[in-house]
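J.: When we follow my numbering, the leftmost residue of the sequence shown carries the number 115, and every step to the right adds one.
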Amino acid sequence: MIQVFGASVQGASHIRNGRECQDSLKKVVKDSGAVILSVADGHGSDSCPYSRNGSFSAVNVFCKIMEDYLDTYDGRPEMLFTFLKREGDTKIAQEIEAEWKRRILRLHTRCKREMPLDENGNKDREAVYKLYGSTLLGLVITEDFLFAFQLGDGDIVKVSEGGVYHVIEVDKILGTETHSISRAEAWKKAITLIRRREENEQLPVMYMLSSDGLSNSYKNDEEFQKTCMDYYALLKEHGVKAVSGQLKTWLQETSEMGSGDDITALFAYEKE
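This is the structure we're talking about:
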């Protein structure tokens, strides 16, 4: 049984500066027991004034596309595994980028926002996308396999009695810029991973997707992993209801004492 919960909080520095939370999260739980998790972090810079809209669209696009694939391959997990292994970082990534950009153009037009023009006076779509820049994390957990997707910074971790490990290892990007779904051919920067679930996997197990505001609140990855283990221990001892009830408070405290950035954490907790 997999239980899913999460929270987004406005960063301490964003509260002081009157800037809205740029993070988004979405979860889908299928009747089959499969779950889809997604977290996105809008860039929030002056050049990306609508990145809250961008992150919201990103998590919805990931969940919609992956849910469609789960439905299409319902009852055929081996075929879906093979497809995702072969096409995850190409066709899937291209679909996600294309659908996100389609939705952003539609939103921009519907909201009657000013349309940037290029040097020839034509509509500059690339400039529109930049206004909505966001990262994107995604995870699909089925009975048979895991599929993880990452474009930009943030963390996808698995925690069990054996410790903490990063599902996708991503080199930390220096500076304030990160890979963005808004950029041209963004799909080429996407990293995916697919692996089979272990038949006798040791439970309980916790998966967590988090925006970089969480890991950046700690001085190093070792301290971040210690916090992941703390969440795991709390879930084992007190259960999902108790932890989910306190999560926003804990994340707000982490932002205040750490990065000052928005923080989003989305959990999938599986026990026997």
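From the three backbone atoms N, C-alpha and C, an ideal C-beta is built for every residue, glycine too. No experiment lies behind these values; they were computed from the predicted model shown.
Check residue 128 in the structure and name its three-state DSSP category.
T.: Correct three-state label for residue 128: helix.
J.: Return yes when the Cβ of residue 255 is within less than 7 Å of the Cβ of residue 149, no when it is not.
T.: Yes, the Cβ-Cβ distance between residue 149 and residue 255 is below 7 Å.
J.: Alpha carbon to alpha carbon, how far is residue 130 from residue 374?
T.: Rounded to whole angstroms, residue 130 to residue 374 spans 10 Å at the Cα level.
J.: Counting only runs that start and end within the region 226 to 293, where is the alpha helix (DSSP H) found for 4 or more residues in a row?
T.: Listed in chain order, they are 239 to 244.
J.: Using a Cβ distance threshold of 8 Å, determine whether the region 360 to 378 contacts the region 303 to 311, with at least three qualifying pairs required.
T.: These segments do not touch.
J.: For the beta strand (DSSP E) containing residue 321, list its first residue and its last residue.
T.: That run of the beta strand (DSSP E) goes 319 to 324.
J.: Cα-Cα, which of 243, 225 and 270 is closest to residue 153?
T.: Ranking 243, 225 and 270 by Cα distance to residue 153 puts 270 first.
J.: Just the Cα atoms here: how many angstroms apart are residue 100 and residue 345?
T.: In the structure as shown, the chain starts at 115 and stops at 386, and residue 100 therefore has no counterpart that could be examined.
J.: Between the region 322 to 334 and the region 234 to 248, can you find at least three pairs of beta-carbon atoms closer than 8 Å?
T.: Result no; under three Cβ-Cβ pairs closer than 8 Å.
J.: Suppose the cutoff is 7 Å on Cβ atoms and the five residues either side in sequence are ignored; what does the same chain contact list for residue 215 look like?
T.: Correct list, in chain order: 243.
J.: Do you know whose CA, among 272, 383 and 377, lies nearest residue 124's CA?
T.: Ranking the options by Cα distance to residue 124, first place goes to 377.
J.: I'd like to know whether the C-beta atoms of residue 122 and residue 135 end up nearer to each other than 7 Å.
T.: Contact flag set, yes.
J.: Which residue wins for smallest C-alpha separation from residue 210, given the options 292, 179, 231 and 221?
T.: Cα-wise, what sits closest to residue 210 is 179.
J.: Under DSSP, the alpha helix (DSSP H) around residue 368 begins and ends at which residues?
T.: From DSSP, the alpha helix (DSSP H) with residue 368 extends over 354 to 371.
J.: Mind pulling the beta strand (DSSP E) runs of 3 or more residues that sit fully within the region 116 to 182?
T.: As far as the region 116 to 182 is concerned, its whole beta strand (DSSP E) runs of at least 3 residues are 116 to 123, 137 to 143 and 149 to 155.
J.: Apart from the five residues on each side of it in sequence, which residues of its chain come closer than 6 Å, Cβ to Cβ, to residue 263?
T.: These residues qualify, in order along the chain: 252 and 306.
J.: Where do the ends of the beta strand (DSSP E) carrying residue 377 lie?
T.: Counting along the chain, the beta strand (DSSP E) containing residue 377 begins and ends at 377 to 384.
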